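Colleague:
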Amino acid sequence: MQEIFPGVFAKEKMLFTKNFAPGKRVYGERLLSESGVEYRQWDTFRSKLAAAIKNGLDTLPIKAGSKVLYLGAAEGTTLSHISDIIGEKGAAFGVDVSERVMRKFISICEERKNIVPILEDAAKPWAYGKYLEGTRINVLYQDVSQRDQAEIFLKNAEYFLPKGGWGLLAIKARSISQRKKAQDIFEEETAKLARLFIIRQVINLAPFEKDHTMVLCEKSG
Amino acid sequence: MPEIEQLRKALIRKTREQVKERYGEREVHVIRAASVLQDLDPAFNLLAEQAIEWYGAHFPELQRIVKDNERFLQLVSKLGERKNFTKEKAGEIAGEKAGEIADAAGKSMGSELGADTMVELRALASNALSLRQERVALEKFIDKEMRRIAPNFAEVAGPLIGAKMLAESGSLQHLAMQPASTLQLLGAKKALFRHMKNKSIKGPKYGFIYQHPLLHKVALKNRGKMARSLGAKLCIAVRTDFFGSRKKIGEELLRALEERAKQLK
Ligand SMILES: C[S@@+](CC[C@H](N)C(=O)[O-])C[C@H]1O[C@@H](n2cnc3c(N)ncnc32)[C@H](O)[C@@H]1O
């Protein structure tokens, strides 16, 4: 095992994180024990953050102790690995609007003491602001596949992310338009972020996801 | 971090309640019913074919005269042995075909069946028929529920098509968040995948809404256009039902669609 970012490991071209809930799987991933430590394989086809790391993300702002606001938690696939990385002292708030995915997600929150479920619409940050009052968020992560994804991201950043905080935004071109070229969409959406962020890196997620990019950015204002 | 731990526990409890509430009340049951409905017809056909095939040993000529499975099974379950197929009795079920049936029964080449066998056969026929009754009852249930849960959407889509769309997307909320183009294609997953794998196969123009009567009122070459209008109105209807005031706009939307269908005739 080689540690490529704090808490993220690579072996034979595969990614792993240390299992924060030993013995338990979240989405059928492989478990691997090495020198008494249990690792979970992090599937680059199932998680856009893993795909971004695989495709050369320079900085991973999520580390031990981070406080993460995660919009579009879904069934918690990616969040479970974030939970592994941030560990005992970290906390991640997972927001999703769909009660269908929440059912699975709640059971993962029960197994992992550093993730908190919030069943709300990410486009209405005021609805869950009260839960985040006592926590200083360092990283805003978003993957909601909605047409107004950039606006949702900016709105949440305004509410919760202090200056110098990091953002990771997964952009799905096909949520925005079926007709325009993916590249044009990425540029337009990334340009919108410039209002609050300095763009640090834009990573295409092919071949793991089609027409998706991950934007890494840092809040400037 | 004792505060976060407390918050986490409280939010798990609260989210659990929210999920339970939303799950318990609204659309779960109609979604189940729609999915059962889609299984009922194939189940009926399977049993019907078996029963008809079996009965053929006794009265093979009947298959050629009575093509409708339901009618056939009614005859078997009510009358049993072919010697009971008098013109009068068969007429109650098969109408004008009764003469022909009675005639065929008289000179049938089928073999005699034991009494036990006949009991089994009649039971099979009547059980298969009960699936038909179940279907009627289920359709009524779906109709009522859809009009309660999403009145505008049910009005525009028709309760049965609406229920299938709802079942496919999983929740009213999810349905209400889809763009019109997705609603138009909902239920066409297979065709969509075929198209994505091989671009020379045309992309689908409609999913469940293919069954919508208005789509069949327009010229064939205009169906795509009609489907698009239908998708757009469905989108407005479901959003009004889910997010909106629940104002009654279904009839108005439907009228606009009927106008559109006239243009596209
Ligand atoms: C592509 S999935 C996210 C997958 C997840 N990030 C992972 O890698 O495990 C998108 C999710 O965003 C959720 N979503 C869509 N719109 C939303 C909104 N306005 N607020 C919160 N969640 C939303 C959907 O319910 C869905 O679960």
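Going down the list, the protein sequences come from chains A and B.
When you line the first sequence up against my numbering, it's residues 1 to 221, in that order.
When you line the second sequence up against my numbering, it's residues 1001 to 1265, in that order.
Cβ atoms here follow ideal geometry from the backbone N, Cα and C, with glycine treated the same way.
Fair warning: this is a prediction, and the values are worked out from it, not measured in the lab.
Got a sec: which bits of the region 96-120 of chain A sit with their beta carbon under 9 Å from any beta carbon on chain B, in order along the chain?
Modeller: Listed in sequence order: Val97, Ser98, Glu99, Arg100, Met102, Arg103, Phe105, Ile106, Cys109, Glu110, Lys113, Asn114, Ile115, Val116, Pro117, Ile118 and Leu119.
Colleague: For the region 1195-1205 of chain B against the region 1068-1088 of chain B, do three or more pairs of beta-carbon atoms, one drawn from each stretch, fall closer than 8 Å, so that the two count as touching?
Modeller: Because the criterion of three Cβ pairs below 8 Å is not met, the region 1195-1205 of chain B and the region 1068-1088 of chain B do not touch.
Colleague: Closest to Ile115 (chain A) by C-alpha separation, out of A:Val95, A:Leu15 and A:Gly56, would be which residue?
Modeller: Closest by alpha carbon: A:Val95.
Colleague: Go through the residues and name those whose CB comes closer than 6 Å to any heavy atom of ligand 1, in chain order.
Modeller: Going by the Cβ distance cut-off, the answer is A:Ser47, A:Lys48, A:Leu71, A:Gly72, A:Ala74, A:Thr77, A:Thr78, A:Val95, A:Asp96, A:Val97, A:Ser98, A:Val101, A:Asp121, A:Ala122, A:Ala123, A:Asp143, A:Val144, A:Ser145 and A:Gln146.
Colleague: Under 8 Å by Cβ, that's how I've got Leu168 (chain A) and Tyr141 (chain A) pegged, so tell me the actual separation to the nearest angstrom.
Modeller: Sure, about 5 Å apart at Cβ, within 8 Å.
Colleague: Please identify, using Cβ separations under 7 Å, the residues of the region 1007-1035 of chain B that lie next to chain A, in order along the chain.
Modeller: Answer set for the region 1007-1035 of chain B: Leu1007, Arg1008, Leu1011, Ile1012, Thr1015, Arg1016, Gln1018, Val1019, Arg1022 and Tyr1023.
Colleague: Looking at the strands, I want to know which residues DSSP matches up with Gly1250 (chain B).
Modeller: Note: Gly1250 (chain B) sits in no beta bridge, so no partner.
Colleague: Using DSSP's beta-bridge definition, name the partner residues of Lys24 (chain A).
Modeller: Bridge partners of Lys24 (chain A): none, in fact.
Colleague: Sorted by chain position, which residues of the same chain lie with C-beta nearer than 6 Å to Phe208 (chain A)'s C-beta, five sequence neighbours on each side aside?
Modeller: Correct list, in chain order: Thr44, Phe45 and Ala51.
Colleague: Runs of 3 residues minimum, wholly inside the region 1184-1249 of chain B: which ones carry the beta strand (DSSP E) assignment?
Modeller: You should have found no qualifying run.
Colleague: Examine chain B for any beta-carbon lying closer than 8 Å to the beta-carbon of Gly164 (chain A), and answer yes or no.
Modeller: False, the Cβ-Cβ gap to chain B never drops below 8 Å.
Colleague: Which term fits Gly1056 (chain B), buried or exposed, when burial requires 16 or more other beta carbons within 10 angstroms of its beta carbon?
Modeller: Gly1056 (chain B) should be labelled exposed.
Colleague: List the residues of chain B that Gln178 (chain A) touches, going by C-beta distances under 8 Å, in chain order.
Modeller: In chain order: Ser1181.
Colleague: Just to confirm before moving on: does the CB-CB distance between Val139 (chain A) and Gly76 (chain A) stay below 8 Å?
Modeller: Result no, Cβ atoms of Val139 (chain A) and Gly76 (chain A) do not sit closer than 8 Å.
Colleague: Can you say whether Phe1243 (chain B) is buried or exposed, counting buried as having 16 or more other CB atoms within 10 angstroms of its CB?
Modeller: Exposed, because fewer than 16 other Cβ atoms sit within 10 Å of the Cβ of Phe1243 (chain B).
Colleague: Use the C-beta contact count for Val1066 (chain B): other C-beta atoms within 10 angstroms, 16 or more gives buried, fewer gives exposed.
Modeller: Buried is the call here.
Colleague: Figure out for me which residue from A:Asp84, A:Ile108, A:Glu158 and A:Leu205 has the closest Cα to the Cα of Trp126 (chain A).
Modeller: Cα-wise, what sits closest to Trp126 (chain A) is A:Glu158.
Colleague: Using a Cβ-Cβ cut-off of less than 8 Å, give me the residues of the region 130-141 of chain A that come near chain B, in sequence order.
Modeller: Those residues of the region 130-141 of chain A that come within reach of chain B (Cβ to Cβ, closer than 8 Å) are Tyr131, Gly134 and Thr135.
Colleague: By the 8 Å beta-carbon criterion, what residues does the region 1159-1172 of chain B contribute toward chain A?
Modeller: The residues in question are Gly1170 and Ser1171.
Colleague: Starting from Asp84 (chain A), trace the alpha helix (DSSP H) both ways and give me its first and last residue.
Modeller: Thr77 to Ile86 is the extent of the alpha helix (DSSP H) around Asp84 (chain A).
Colleague: Using the three-state DSSP reduction, which class does Pro117 (chain A) fall into: helix, strand or coil?
Modeller: Note: Pro117 (chain A) maps to strand in three-state DSSP.
Colleague: Would you call the region 190-199 of chain A in contact with the region 1008-1019 of chain B, where contact means no fewer than 3 C-beta pairs closer than 8 Å?
Modeller: Contact fails: fewer than three Cβ-Cβ distances are below 8 Å.
Colleague: Could you work out which residue in A:Ser220, A:Ile137, A:Asp211 and A:Glu111 is closest to Lys172 (chain A) when comparing CA atoms only?
Modeller: Taking only the C-alpha atoms, the option nearest Lys172 (chain A) is A:Asp211.
Colleague: Where does Asn1127 (chain B) land, buried or exposed, given buried means 16+ other C-beta within 10 angstroms?
Modeller: Per the 10 Å Cβ criterion, exposed.
Colleague: Would Asn19 (chain A) be called buried (16 or more neighbouring beta carbons within 10 Å of its own) or exposed?
Modeller: Per the 10 Å Cβ criterion, buried.
Colleague: Who are the Cβ neighbours of Ala1105 (chain B) in its own chain at under 6 Å, not counting the five residues just before and after it?
Modeller: The answer, listed in chain order, is Arg1082 and Phe1085.
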